[in-house]
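**Q** Mind looking over this structure? Questions follow.
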Amino acid sequence: MIRFFLYKHKLNNIDDHRLPKLALNSNQNHLRLNHRWHKDTRAWLNYWEINKNDALQGINNIKDIVISKFKEKMWCEKDLVAKKKLSYYKKVINPTLEDQKYLSILTSSKNKINIAKIRTNSHDLHSKTGRWAVPKTPWMERICHICENRNIEDENHFLLECPAYNHIRSQFHNICYNTDLPSLLQCQNYSECYTVICHCFYFSVPTVSWVHNHVCPWPPEFQMTHFPKVFYISATV
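Below, the structure is given as structure tokens:
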């Protein structure tokens with residue numbers, strides 16, 4: 023939505039003879055403006071009680087306007103009850119809804135995406151994928167299938183507890199030990215934080231081609247117990 027305002031502000035300020043401005047003016051009253059993203063945009067503005075003209079006049083503060091409206095309407099406990107992912111984000115990841123430094127420090131979109139997956143609970147860990155099953159897998163049954171601890175495979179277990187990834191955490195002892203998930207995600211060394219997350223994601227789902235080309239990172243007791251089919255195929259192909 024912030025990009026919409028920035029683009030709208032740019033269109034409003036370009037010369038009238040420019041093609042984007044001509045196209046916008048010629049379609050201002052067209053019926054198509056009542057459909058698709060035009061309609062969705064108006065509905066969004068009405069829901070958040072944002073006046074488009076006021077926002078365009080204060081374009082330099084548009085981000086603050088959107089965030090303040092978000093806090094006002096959705097950051098209260100009443101509305102968070104039915105929104106588990108948003109509730110998790112507020113209670114664990116970003117209680118004050120502050121700007122996150124990794125977004126400006128890291129230059130690679132891939133790096134940002136991997137950190138965002140953990141921060142927003144958007145990944146393939148069992149704590150998340152159990153919601154997709156029909157019927158839903160009970161929370162206490164969404165356990166990690168890689169280790170023997172039978173703990174729920176959530177972000178904290180994945181990054182800080184699962185023994186299958188000890189070989190990764192041992193390389194980043196300064197940020198992975200004596201810490202918790204919020205502290206790890208808020209650490210100043212975002213490049214190391216990204217590396218830990220990326221490596222854990224990379225090693226979490228082995229495939230036949232991966233086994234052929236890499237030295238297995240898991241201890242022997244995990245290999246045949248948890249991935250017998252993968253390792254049997256890799257040994258016989």
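Start counting at 1 in the sequence shown, then tack on 22, and there's your number in our numbering.
Glycine is no exception: its CB is placed at the ideal position from the N, C-alpha and C atoms.
Remember, it's a predicted structure, so these values are computed and weren't measured experimentally.
#1: Please report how far the alpha carbon of I197 lies from the alpha carbon of S126, in whole angstroms.
#2: Let me know the secondary structure DSSP gives I168 once reduced to three states.
#3: Residues in the same chain with beta-carbon distance under 7 angstroms from N136, minus the five sequence neighbours each way, listed in chain order, please.
#4: Measure the CB-CB distance between E183 and L147 and report whether it falls below 8 angstroms.
#5: Just to confirm my understanding: we take T261, look at its own chain, exclude 5 residues before and 5 after, and list those with CB closer than 7 angstroms. What are they?
#6: Give the C-beta separation of I89 and H31 to the nearest angstrom, bearing in mind that I take them to be a contact with Cβ-Cβ under 8 angstroms.
#7: Does at least one heavy atom of the ligand MG sit under 7 angstroms from the Cβ of C220?
#8: Taking the straight line between their C-alpha atoms, what separation do you get for Y212 and L128?
#9: Where does I36 sit, in a helix, a strand or coil, going by DSSP?
#10: Can you tell me whether DSSP reads N211 as helix, strand or coil?
#11: Please report the residue range of the alpha helix (DSSP H) in which K112 lies.
#12: Might you give, ordered along the chain, the residues of its own chain that have their beta carbon closer than 8 angstroms to the beta carbon of K91, omitting 5 neighbours on each side?
#13: When we look at the beta-carbon of E94 and count the other beta-carbons within 10 Å, is it buried (16 or more) or exposed?
#14: Residues in its own chain within less than 8 angstroms of L114 by CB, not counting five upstream and five downstream?
#15: Note down the Cα distance separating R3 from K150, rounded to an integer number of angstroms.
**A** To lay it out plainly:
#1: In the sequence shown, the residue the question calls residue 197 occupies position 175. In the sequence shown, the residue the question calls residue 126 occupies position 104. Whole-angstrom Cα-Cα distance: 20 angstroms.
#2: Stepping through the sequence shown from its first residue, residue 168 is reached at position 146. Looking at I168 - three-state DSSP - the assignment turns out to be coil, as it is neither helix nor strand.
#3: Reading the sequence shown from its first residue, position 114 is the one you call residue 136. Y216, I219, C220, F223.
#4: Mapped onto the sequence shown, residue 183 falls at position 161. Mapped onto the sequence shown, residue 147 falls at position 125. It is not a contact, given that the beta carbons lie outside the stated cut-off.
#5: Here the chain has residues from 23 to 259 only, and residue 261 is not among them.
#6: Residue mapping note: residue 89 aligns to position 67 of the sequence shown, counting from 1. Residue mapping note: residue 31 aligns to position 9 of the sequence shown, counting from 1. Not a contact, Cβ separation roughly 18 angstroms.
#7: Within the structure as shown, the ligand MG is missing, as the structure has no ligands at all.
#8: Locating residue 212 in the sequence shown gives position 190, where the first residue counts as 1. Locating residue 128 in the sequence shown gives position 106, where the first residue counts as 1. Each residue's Cα considered, the two are about 7 angstroms apart.
#9: For the purposes of this step, residue 36 is taken as residue 14 along the sequence shown, with counting starting at 1. Looking at I36 - three-state DSSP - the assignment turns out to be coil, as it is neither helix nor strand.
#10: Position 189 of the sequence shown, counted from the start, is the residue given in the question as residue 211. N211 falls in the coil class under three-state DSSP.
#11: Taking the sequence shown and counting its residues from 1, the one referred to as residue 112 is at position 90. Segment: none, K112 is in no alpha helix (DSSP H) and carries neither H nor E.
#12: Your numbering for residue 91 matches position 69 in the sequence shown. Answer for K91: W70, E71, I72, listed in chain order.
#13: Locating residue 94 in the sequence shown gives position 72, counting from the first residue. Exposed: under 16 other Cβ atoms inside 10 Å.
#14: Along the sequence shown, one-based indexing puts residue 114 at 92. Going by the sequence as given, residue 114 is Val instead of Leu. Closer than 8 angstroms at Cβ, skipping near neighbours: L203, P204.
#15: Because the chain in this structure spans residues 23 to 259, residue 3 falls outside the shown range and cannot be described.
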